[in-house]
Amino acid sequence: MKKLIKGLREFKSSYFSTHQELFEQLSHGQKPRVLFITCSDSRLDPNLITQAQVGELFVIRNAGNIIPPYGATNGGEGATIEYAVQALGIQQIIICGHSHCGAMKGLLKLQSLREDLPLVYDWLKYAEATRRLVLDHYGHYQFEELLEIMIAENVLTQIENLRTYPVIHSKLYQGQLKIYAWIYHIESGEVLAYDPHKHAYVLPQTQLAESETEDTTLNPFLNCDVGIRSQADEVTQTQDFTIAGSERFPIPHLSPEQRERIYRGSNHSN
Ligand SMILES: [Zn+2]
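Right, dumping it as structure tokens:
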């Protein structure tokens with residue numbers, strides 16, 4: 008605690024005093040551009056890894072970067088999502104998992120949590136779809152590999168949970184929201200982003216370079232960050248590009264690509 012109190016003094020005398028104008032501006036209101044959903048793990052700092060300034064990220068943190076589906080709980084996650092998207096007008100959401108995630112390890116040995124950590128056990132039921140998918144499709148892998156797959160798949164599961172919120176559903180329909188899946192690697196400091204075309208996590212800058220070569224008149228979002236595309240994007244996409252295994256899908260419900268992603272599992276998880 009002494010260290011933290013010393014830190015408070017240092018913050019006030021150094022960072023705060025050199026950024027007074029910014030803090031003065033922030034005292035009148037916030038305009039964060041991104042809702043960043045991640046794990047509570049102390050080794051991951053959203054502002055640090057993205058080098059975002061104070062006021063730029065609106066953050067939800069909990070064990071396992073989990074979003075209970077709409078109506079499943081009356082917890083803070085739903086209220087925070089609604090406030091972020093509806094009241095603050097945030098148009099970009101990142102769900103960021105991370106390597107060595109304790110919650111995902113818990114998911115791999117769920118039964119042992121039942122007695123020791125009953126609240127964690129209950130909480131992890133919102134990641135049950137991840138557990139089921141991974142164990143059904145990758146059960147032959149060793150623990151470490153299984154953990155990596157679990158982490159990668161869980162981010163995608165939580166995006167599906169996120170889509171169950173009416174406000175998210177509506178904004179995606181209108182093309183006013185983009186959702187990205189990230190994984191932060193503690194050991195390398197690197198972030199990988201999910202590429203829905205490749206069904207793999209890739210370097211985010213690779214996606215930016217690729218998107219610049221595509222015809223942006225077909226899809227105005229291609230020049231922006233590439234991640235899980237919005238529902239409206241995907242509709243445009245399936246109409247304008249040929250995607251293996253998918254057909255034209257005129258109504259904005261689950262596209263064949265989405266269905267494939269949800270049920271396929273991922274072969275590229277690191
Ligand atoms: Zn974690």
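The opening position of the sequence shown corresponds to residue 8 in the working numbering, with each subsequent residue numbered one higher.
Glycine included, each C-beta is placed from N, C-alpha and C at the ideal position.
When rounded, the separation of the alpha-carbon atoms in Pro125 and Thr80 is 17 Å.
In the DSSP annotation of this structure, Asp202 is not part of any alpha helix (DSSP H); the continuous beta strand (DSSP E) holding it starts and ends at 197–202. Contact between the region 92–107 and the region 121–135 is absent: fewer than three C-beta pairs spanning the two stretches fall below 8 Å.
In the structure shown, Ile67 falls within a strand segment according to DSSP collapsed to helix, strand and coil. For the options Gly71, Asn69, Asn54, Ala70, the alpha carbon positioned closest to that of Glu63 is the one of Asn54. DSSP links Cys46 through a beta bridge to Asn69.
By the CB criterion at 8 Å, Gln165 and Ile88 fall outside the cutoff. Looking at Arg68, Tyr77, Arg121, Ile56, the one whose alpha-carbon comes closest to that of Glu197 is Ile56.
Non-local beta-carbon contacts of Leu199 in its own chain, meaning distances under 6 Å to residues more than five positions away in sequence, involve Ile190, Tyr208 in chain order. For Gly104, the uninterrupted beta strand (DSSP E) segment begins and ends at 99–105. Around the beta-carbon of Glu31, fewer than 16 other beta-carbon atoms lie within 10 Å, marking it exposed. At least one heavy atom of ligand 1 lies less than 7 Å from the C-beta of Cys108. Each of Pro76, Glu122, Pro75, Val66 was checked against the Cα of Gln99, and the nearest Cα belongs to Val66. As computed with DSSP, Lys185 is found in a beta bridge with Gln99. Straight-line spacing of the CA atoms in Tyr90 and Gly96 works out to 8 Å. Following the DSSP letters along the chain, one finds Ala207 inside the beta strand (DSSP E) bounded by residues 207–209. Residue burial is scored here from C-beta neighbours: Arg16 has fewer than 16 other C-beta atoms within 10 angstroms and is therefore classed as exposed. The Cβ neighbour count for Leu114, taken over all protein chains shown within 10 Å, is at least 16; the residue is labelled buried. In the three-state DSSP reduction, His176 falls in the helix class (H, G or I).
For Asp52, the number of other beta carbons within 10 angstroms of its own is below 16, and it is reported as exposed. Remark: the C-beta of Asp52 is outside contact range of ligand 1, defined as less than 7 Å to any heavy atom.
For Ala136, the closest of Leu153, Glu122, Asn161, Gly146 by C-alpha to C-alpha distance is Asn161.
DSSP, read as helix, strand or coil, puts His144 in helix.
Beyond the five residues adjoining it in sequence on each side, Ile175 comes within less than 6 Å, by CB distance, of Leu169 in the same chain, given in chain order.
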